[in-house]
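Chains as they are written, first to last, in the working numbering: chain Y, 1 to 178; chain R, 1 to 154. Heads up, the beta-carbon is just placed ideally off N, CA and C, and yes, glycines get one too. One structure below.
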Amino acid sequence: MNLPATGPNYSYLLDTESMSAWGLLRLREQLENGLPLTPRPYQTLAERTGLSEQQVMNAVSQWQQQGLIKRLGLVVKHRTLGYRANAMVVWNVPDDRVSTLGNAMAAAACVTLCYQRPRRLPDWPYNLFCMIHGISRERVLNQLADLIEQHELSNVDHAILFSNKAYLQRGGRYVSNC
Amino acid sequence: MRLDAADRQMIDSYQRNLPVCERPYEEMARALGLTEEEVIQRLSALQEQQVLSRVGPVFEHSQAGASLLAAVAAPEEQMDLVAARINRAPGVNHNYAREHTYNLWFVMTAPDEDTLEERLDELEHQLKLPMLRLPMVEGYHIDLGFDIDWEALP
């Protein structure tokens, strides 16, 4: 589940034999733009994809169960709300500790995302990434200090990459081609 | 941006577990003590104000297709230009300026790994800047939409 993708996963097409594969692909494409804000959004999607309303709801439920959809709900743009300090904190952690530390950091309230990624030496020595979506730079630095103290990371080489501008922020375009 | 209590409650309650039924906004409305029309109007307004990027599913990257975090070191005076070129590349869905030698960080998505490689090669060629490619090895955090700390917001 946590492995990087090796190719497109079309298993959802096989599990729902009675539905048009073409319709399901169109549904995936439509859903990447979000749910329509109409009283019957699944009916609206049905009209756009040639599926029935029931088929659309079944497909969405099934994709949730399979984990293809990890959550269904309001997707917030934190920057608009006032989360102005977005820090990507990167760490050079010994390989044998990266999973343990990754799981520990992910559990911290201030950490919103946490991943292991490959080093690219000599340019990039860091292999553990965590995101802190914070309200101010000062608060983020305090949260980071707590994290370092709590997990005894003071000797671990790290860098803080604050983001000062979002040029683009939207949902993934896996199916639709834009 | 300050939101009223109803908007805040709506966000707190529905970053996940949006109902899958014929009238999901009506069901939300019942739980929130609003009307269906009010819920739809509020959601539309929040989208317009850029508080919400959308209402809907967040796909799991590793199952939905291929994606990769990449970075380039753009000359300071060309950042906007390089960022605009990155935004125009197919499949790019996040692009942030960050304070580092590698100052532009973006996520590229594609239906499969081969297409992703092609898109990255093409962009790297176009930008004439070396690109750091950092695929995910392991994820430790599932994105459930974190709770907004309304009190601490400006």
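Is the separation between the beta-carbon of residue i and that of residue j shorter than 9 Å?
{"i": "R:S67", "j": "R:A31", "result": "no"}
{"i": "R:Q15", "j": "Y:V75", "result": "yes"}
{"i": "Y:R139", "j": "R:A152", "result": "yes"}
{"i": "R:H61", "j": "Y:L168", "result": "no"}
{"i": "Y:R71", "j": "R:V58", "result": "yes"}
{"i": "Y:L68", "j": "R:A64", "result": "yes"}
{"i": "Y:K77", "j": "R:V51", "result": "yes"}
{"i": "R:M131", "j": "Y:Q116", "result": "no"}
{"i": "Y:F161", "j": "R:R98", "result": "The sequence given here places Leu at residue 161 of chain Y; Phe does not occur at that position. Contact: yes."}
{"i": "Y:L128", "j": "Y:L101", "result": "yes"}
{"i": "Y:T44", "j": "Y:P36", "result": "yes"}
{"i": "Y:H158", "j": "Y:V90", "result": "yes"}
Just verifying my parser: in three-state terms, what is the DSSP assignment at residue i?
{"i": "Y:V56", "result": "helix"}
{"i": "R:L3", "result": "coil"}
{"i": "Y:I132", "result": "strand"}
{"i": "Y:L27", "result": "helix"}
{"i": "R:E124", "result": "helix"}
{"i": "Y:R40", "result": "coil"}
{"i": "R:N103", "result": "coil"}
{"i": "R:I86", "result": "helix"}
{"i": "Y:C178", "result": "Only weak support is given to the placement of Y:C178: the predicted model assigns it a pLDDT of 42, under 50, and the question is left unresolved by the model."}
{"i": "R:R133", "result": "strand"}
{"i": "Y:I148", "result": "helix"}
Using 10 angstroms around the beta-carbon of residue i, count the other beta-carbons present and answer buried if the total reaches 16, otherwise exposed.
{"i": "R:L46", "result": "buried"}
{"i": "Y:W124", "result": "buried"}
{"i": "R:I148", "result": "buried"}
{"i": "R:M1", "result": "exposed"}
{"i": "Y:R97", "result": "exposed"}
{"i": "R:L134", "result": "buried"}
{"i": "Y:Q30", "result": "buried"}
{"i": "Y:C178", "result": "Because the pLDDT at Y:C178 is just 42, under 50, the model does not fix this residue reliably, and the point stays unresolved."}
Within 8 Å: the Cβ of residue i and any heavy atom of the ligand NAD?
{"i": "Y:I132", "result": "Of the ligands one can find in the structure shown there are none, so the ligand NAD has no counterpart to examine."}
(message) List, from N- to C-terminal side, the beta strand (DSSP E) runs of 3 residues or more that fit wholly inside the region 59-128 of chain Y.
(response) With a minimum length of 3 residues, the continuous beta strand (DSSP E) runs that stay inside the region 59-128 of chain Y are 69-76, 85-91, 111-116.
(request) Scan the region 12-83 of chain R and note each continuous alpha helix (DSSP H) run of 4 residues or more that stays entirely inside, going in chain order. (result) With a minimum length of 4 residues, the continuous alpha helix (DSSP H) runs that stay inside the region 12-83 of chain R are 24-32, 36-48, 61-64.
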